[in-house]
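Below: one structure, written as structure tokens.
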Amino acid sequence: MITEALPRILEIWEHGDTLLPKEGLNCPSEISYDQGLGRSYFNCQPHLWQCYWEGGVVEFPLIKIDIFGQTFHVAARGSFPSVPAYSEKERFYQMIKRPGSGINLSYGFVVDLEVREIPGLSQPLILADTCRDTYLPQRIYGLGSAPKRKEDEFLWDNFGRDLFIDRFYVSNQQVNEWRLLTGEMSRIVSDRKLWYQPAILSQFEQRKYCSYFGKHVLEAKYFDAASMAPVDQKDSMPSKIAYPQTPWQRDLSKSFLGLARINPDYQLSPLDCQLAQVEGCTSHRFFTTDSASWMGMNFPLGFYPESLPNTVDPKKNLKLSSKFLPASSEWHELGRRTNWNGEQGSETPPVAFRCYEEVVL
Amino acid sequence: MIYLLLIFSSLLQAEVPLYWTSAFSIEERHEFYKDNEIIASPKNAWQVLFGVVYPDSRLNLHKDCVLYRVPGDELGMLKIKKISQSQSCESILFNDGDVTWKEIKSLQFSTANHTIQLNMTMPKYKAESWNVKLVNLSQKKPPHTELSSAEYKSPKMILLAPGTELAKFAPKFKLKDGDLCHKVSDDCIAEASNCGDCSNGWYEAPNGCMTGPKYCGSQECGKKNATACRRGMKFQRSVKKFGCRDGDISFAYCSPGLRMQCIGTEAWCR
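Residue numbers (this note's numbering), protein chains in the order written: chain A, 6 to 366; chain B, 8 to 277.
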């Protein structure tokens, strides 16, 4: 019977953004809708799952199933202990990390379903985080800006490798789940307004976070591959590699960034700020897909400086293009990077990060 | 009419194990029995029909062996015996079952289309019919943009066997940092990967094969005394023989100022 409810369960989990009521969510200890927040935050979002089954989205969170003329009601159960850092209420999910042998899933969210008309029976299941990352197609790629000389070009390929890149920066909410799993309760970020914002960790901790989940901090060459749209996506071994200067236009001089460089009075439009969140944009939106690259990675230019370990040129490990620099800054260009010492400081802009995973089956 | 009613009333919806819905794989399926064919030979002999592998709520994998004694001198018998996934059903063929069905006149089964179907008839027009949809089994999708790593590796949701108390998950990782988790021989034959058993991820030592051996840990490639970074074998655009010692070493690289050194066939940076 529960299997009949699974498509709806999956919808609630994967497409939480479609559940948001106009009047807002009614569970302030878990999640709230904020103007600076893109809808992607609500997909595969354990706090929205908690909010939904606590009754903060709809008054009676029950899934109706009709079988042979009889109506049954499926619901999630609060089978898991409360997390005082979140709230005193029992939890409707528990994040787990596990060895990948047998079931090839290293982490996920365990939930417990019940049929209200059949007390005493429940069905546990694991929900996978299917919203987090996206696949980098196998092809030949270049690194950095367009080389001046052919011999300076660094080509590489990922044939035979299944690489998946996080769509967004790792958030404080995701790092909180990690802290819970590793028993570092005292380091949980409790301010709900910060949960959807990028986690600002040292390079050392960024590495620890990603490797805990079998991932790595996104490398510079993978970032370039994910940001620079190929000329012909069907030709995986092109004779010439393109080095576009922005994710949406090959030639930067024709984009708003190019216009801002030559015109000091350039006025940013809302569309400009959707493409790249730079200094002067009035609102900064987290988890929005307005600036998605050709393969689905968001924020390839602007928004936050990003940590990008660089194995080819280790001193160029920071994407500086961000909301802290004006549109006229020459750092707003794909392939341009500077050096970061790996520490976050109060004097320097915060540095975000994301992970990638290579899947070996 | 009465005859038909008798048949329908005795068509019992079976006491099929509830948790089979959570099955993760079907193993040891009998290689000769075709789907939905009545099993008639070898007479009087116990046969493994199939094993159903499913996770419990602690995520341990178990296997239900479905064993059948084909009718001959006596009527047939079906038994189910629960073992751990690492055991084989063949090894417990003659053990008592946890559940047994006796006096079976005929039996047919199918494991096609992610569904277990099993029909058996008994004397006095009695019949049992099982039909279990295996929710956890899904077609593996080829990787493409928009596909997530989670969906590539496993189904979007995994049903666990109900009925046991939800435990606190205390994962036990068999491998420690530095352990080899994916063996690839010098002639590029790759064994199954165990890298999911590493507690802190893994790293690769490129060796000129499409995939190189892998070790547990979070080492950064290309640095001094670390493995070289893999660069690929097609960007060169011409077919070449790659190898750390004798072939073309363009498949890997080290950070500036370091040189590549071979340890066996593996490329490391010094």
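Virtual Cβ for every residue (Gly too), placed ideally from N, Cα, C.
Less than 8 Å divides the Cβ of LEU306(A) from the Cβ of THR251(A).
Between the C-alpha atoms of ILE205(A) and PRO355(A) there is a straight-line separation of about 6 Å. With a contact defined as Cβ atoms closer than 8 Å, ARG197(A) and SER37(A) qualify at about 7 Å. SER326(A) and PHE308(A) have their C-alpha atoms roughly 7 Å apart. The C-alpha of LEU110(A) is placed about 15 Å away from the C-alpha of LEU154(B). Within a 10 Å sphere around the beta-carbon of THR23(A) sit fewer than 16 other beta-carbons, which makes this residue exposed. Cα atoms of ASP237(A) and ASP194(B): separation of roughly 35 Å, rounded to the nearest angstrom. Contact check for PHE57(B) against THR107(B) fails: the beta carbons are separated by 8 Å or more.
Residue pairing by DSSP places PRO203(A) opposite SER176(A) in a beta bridge.
Membership of LEU280(A) in the alpha helix (DSSP H) is indicated by the continuous run 275-280.
When DSSP states are grouped into helix, strand and coil, ILE170(A) belongs to the strand group. Under a criterion of Cβ atoms nearer than 8 Å, the residues of chain B adjacent to LEU366(A) are, in order, LYS160 and SER200. In the DSSP assignment, CYS269(B) falls within the beta strand (DSSP E) that extends over 267-270.
Under the Cβ criterion of 8 Å, PHE180(B) is counted among the residues facing chain A. Its Cα nearest to that of GLY61(A), the residue LEU30(A) stands out among LEU30(A), ARG82(A) and LEU132(A). Listed along chain B, the residues sitting closer than 8 Å to GLU362(A) by beta-carbon distance are SER156.
Secondary structure note for PHE57(B): its beta strand (DSSP E) is the uninterrupted segment 53-62. With respect to chain B, the C-beta atom of TYR140(A) has a partner C-beta closer than 8 Å. Three or more beta-carbon pairs separated by less than 8 Å link the region 203-216 of chain B to the region 235-242 of chain B, which places the two stretches in contact. Linking VAL283(A) to ASP240(A) through their CA atoms gives a straight-line distance of about 33 Å. Your pair PRO220(B) and LYS190(B) checks out as a contact, with CB atoms roughly 6 Å apart and the cut at 8 Å.
Between PRO129(A) and ASP117(A), the gap from beta carbon to beta carbon is short of 8 Å. With respect to the C-alpha of LEU257(A), the residue from PHE173(A), PRO310(A) and ALA332(A) having the closest C-alpha is ALA332(A). For TRP54(A), the three-state secondary structure derived from DSSP is helix.
Within a 10 Å sphere around the beta-carbon of ARG266(B) sit fewer than 16 other beta-carbons, which makes this residue exposed. Using a 10 angstroms sphere on the CB of GLU64(A), the tally of other CB atoms stays under 16, which defines it as exposed.
Against SER216(A), the close residues of chain B are ASN207, GLY208 and SER225, in the order they occur along the chain (beta-carbon pairs closer than 7 Å). CA-to-CA, the gap between CYS205(B) and ALA199(B) works out to about 14 Å. Burial is judged here by how many other beta carbons sit within 10 angstroms of a residue's own beta carbon; HIS221(A) has at least 16 and is buried. When the Cα atoms are used, LEU280(A) and MET6(A) turn out to be separated by approximately 46 Å. In the DSSP assignment, GLN124(B) is bridged to SER117(B) and ASN138(B). Of all residues in the region 295-315 of chain A, only MET300, GLY301 and PRO314 come within less than 7 Å of chain B when Cβ atoms are compared, listed by chain position. Minimum Cα-Cα distance from GLU335(A) among the listed residues LEU264(A), TRP200(A) and HIS289(A) corresponds to LEU264(A). At least one beta carbon of chain B lies nearer than 8 Å to the beta carbon of PRO319(A).
Listed along chain A is no residue with a C-beta nearer than 9 Å to that of PHE249(B); the closest approach is about 12 Å. A distance below 8 Å separates the beta carbons of ALA30(B) and LEU141(B).
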